[in-house]
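Worksheet: one structure, shown below.
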Amino acid sequence: MTICKLFSILGAVLILTSGSCSKQTPDPGDDTPVTPVTPPGPAGFQRYQKDFTLNSKILREYIKYSVYLPADYETDTQTRYSVVYMLHGLGDNNNSWNGDYLHANSKIQSLESRGLTKMIYVYPQGFASYYCNFFDGSYNYMDMFVNELIPLIDKEFRTIPDKQHRAVTGYSMGGFGACALAEKHPEVFAACAPLSMSVRTDWQYMEESQSGWDNQWGMIFGGLGKSGEARITDYYKQHCPIHYFNAENKEQLSTVHWYLICGDDEKNLLYANDELHCVLRANGYGHEYRVVDGGHSSSVWNPALEEVLPWFDYYMNDGTLWSPELLKEWDPGTVERNADGVFASAKYKENKTGTALYIVHRDELSDSILGHIMCAVLSDPAFDQGYVMLPCDVSKKTLSEWMSEWDAKYPNTKKLVLGYGQGAKEALSLPSGTFKRSYYVNPATPETLNVAKDQEIFFCGTDDDSNYQGMNVLYNTCKKNGAKFEYRIVNAYKNPTYNILSSLATIKSNIYY
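Here's what the structure looks like:
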């Protein structure tokens, strides 16, 4: 059965362009050889070659793919290259990575001008398959990808045809496909980077509308027409990363390098991506994880390539591990404080009141780091100078006691809190209206988390911070309670001070609005 016939029967509504079902070539049949067909085009070498066709014996279907080659591929005939497979999302096609909004080839050129090793990029057509084999064997896309497409690319182009020189990424549905391919075939890929992976938690799948479940997931993973827990089939668990990244699979899956990224404005997908990060951390899987500003769009995926492609380069070609964030140099500086450790700005001293920023920790921040944090807050040109910054070590007295003491000494008109680690836990235990706005770095969370609708909370940490579960709880609570929030996960430095300051840098601009 062809993919077009299958989707027609199931009633799936697909929005495809050049890869749409209505435009598919008739089924080639089992006897059609697996060969590429070069599309007609102008004479002369072109880096971006579109719409090659693979006649798949496994799928009995024509599959299109496009290729982006190194600029000197035709003249430097001796060099062989690593390969990056780039998978598109639901409703898109093999040319969508270079359509009107993603412009991957332009990003690649820009990165190459800054030192990225030349590689071959392959963009296959994925339909609505999630790049997986269907549960009933009716459409085995993953088998086609591994057993036909990859061998064909290795045969027709000068690749380095081994695991060490092969990586896969994708956005949305393509993110799920990238993860599933590397999960089920860790012997094939050295690195995998799902971008805004289209995956849900079990509870989200159980609550999905019937048509949404049947047309997008049930037809692939089983459970068609089912509801609730009956949708969480064994076949689904064999592909869902939240279930698959367990202790049993760790040895084989740890041969792949993993990178995840998702935007904090996602309607649904950050729930599962963040939970997967917690699963990976809990089971000891090394990986990179980023939460950035943005939703389900190219504003997340295109900038992600700035780090993902050099990261691939590092593992496949011994390239330099670099990105704008990693190249940033920190000069934290310090500020002059009162004898009690408080910083009061000139404007605050003049008015004898202003905004109070309580910096709360539990014996986790040295006096030197507190000075760096205060300096980092002051460094923003938008800084309102009518601030007093008040250190509160809650290992010595409760936050409420600190606030009573500081309020008597430093009157204020507005209260903000910047909580770190276990100190954040105490701040989050206070009534939701205590602070005008709250800022947290690597926050731990209490059992009872006071987050109200429309409360303003901004929090961040690095992907190896100790309180990863606390950040996940805080995100879920903010999202479900309708709080206004910004959530970020950034790259971890080896220097603990840099980790604190880089986290603070991503949320501090919200202090001034």
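Per the numbering used here, the very first residue in the sequence shown carries number 495; after that it's consecutive. All C-beta atoms in this analysis are idealised placements derived from N, C-alpha and C, irrespective of residue type, glycine included. Here the structure is a predicted model, which is why all the values come from computation and not from measurement.
_At 4 residues or longer, what runs of the alpha helix (DSSP H) sit wholly inside the stretch 887-968?_
With a minimum length of 4 residues, the continuous alpha helix (DSSP H) runs that stay inside the stretch 887-968 are 893-903, 915-921.
*Whose C-beta lies closer than 8 Å to the C-beta of residue 509 among residues of the same chain, with five residues either side of it excluded?*
With a pLDDT of only 30 at residue 509, under 50, the local geometry of the prediction cannot be trusted, and no value is derived from it.
*Buried or exposed: where does residue 725 fall if 16 or more other Cβ atoms within 10 Å of its Cβ makes it buried?*
buried
_If you measure between the beta carbons of residue 644 and residue 688, is that distance less than 9 Å?_
no
_Going by C-alpha to C-alpha distance, which of 673, 652, 667 sits closest to residue 661?_
For residue 661, the nearest C-alpha among the options comes from 673.
*So residue 979 is in the beta strand (DSSP E); what residue range does that whole segment cover?*
978-984
_Can you look up residue 1002 in the DSSP assignment and give me helix, strand or coil?_
helix
*Going by C-alpha distance, which of 989, 857, 560, 740 is nearest residue 598?*
560
*How big is the Cα-Cα spacing for residue 987 and residue 709?*
43 Å
*Quick one: residues in its chain with C-beta nearer than 6 Å to the C-beta of residue 613, no 5 flanking neighbours on either side, listed in chain order?*
Contacts found: 575, 576, 578.
*Between 581, 542, 600, 786, which lies nearest to residue 562 when the distance is taken from Cα to Cα?*
542
*Would you kindly check if the distance between the Cβ of residue 940 and the Cβ of residue 955 is under 9 Å?*
With respect to residue 940, residue 955 sits apart: the two C-beta atoms are not nearer than 9 Å.
*Sorted by chain position, which residues of the same chain lie with C-beta nearer than 6 Å to residue 784's C-beta, five sequence neighbours on each side aside?*
Within the same chain, residue 784 has close Cβ partners 755, 983.
*Could you have a look at residue 602 and say whether DSSP puts it in helix, strand or coil?*
helix
*Taking the Cβ atom as the reference point for each residue, do residue 910 and residue 934 lie within a distance shorter than 9 Å?*
no
*Return the CA-CA distance between residue 720 and residue 733, expressed in angstroms with no decimal places.*
Going by the C-alpha atoms only, they are around 19 Å apart.
*Under a Cβ-count criterion, where at least 16 other Cβ atoms within 10 Å of its own Cβ denotes burial, should residue 1000 be classed as buried or exposed?*
buried
*Going by the beta-carbon positions, is the gap between residue 690 and residue 757 smaller than 9 Å?*
yes
*Evaluate the contact criterion for the stretch 543-554 versus the stretch 638-655: three or more CB pairs, one atom per stretch, below 8 Å.*
yes
*Between the CA atoms of residue 997 and residue 621 - distance to the nearest angstrom*: 39 Å
*Exposed or buried, residue 587, counting other C-beta atoms within 10 Å across all chains shown (16 or more means buried)?*
buried
*Identify the residues that DSSP records as bridge partners of residue 855: which are they?*
Beta bridge pairing from DSSP links residue 855 with 887.
_Inter-residue CB distance, residue 966 and residue 768 (contact presumed, cutoff 8 Å)_ = 5 Å
*Quick one: what's got a C-beta closer than 6 Å to residue 623's C-beta in the same chain, skipping five residues either side?*
635
*Does the Cβ of residue 920 have 16 or more other Cβ atoms within 10 Å, making it buried, or fewer, making it exposed?*
buried
_What residue range does the alpha helix (DSSP H) around residue 806 cover?_
792-811
_In this structure, how does DSSP classify residue 622 when only helix, strand and coil are distinguished?_
coil
*What's the call for residue 1002, buried or exposed, on a 16-neighbour Cβ count within 10 Å?*
With 16 or more Cβ atoms within 10 Å of its Cβ, residue 1002 is classed as buried.
*Do the stretch 694-701 and the stretch 789-798 make contact, defined as three or more Cβ pairs closer than 8 Å?*
no
*Can you tell me whether residue 728 is buried or exposed, with buried defined as 16 or more other CB within 10 angstroms of its CB?*
exposed
*If we call anything under 9 Å between Cβ atoms a contact, is residue 915 one with residue 946?*
no
_Proximity below 9 Å, CB of residue 601 to CB of residue 799_ = yes
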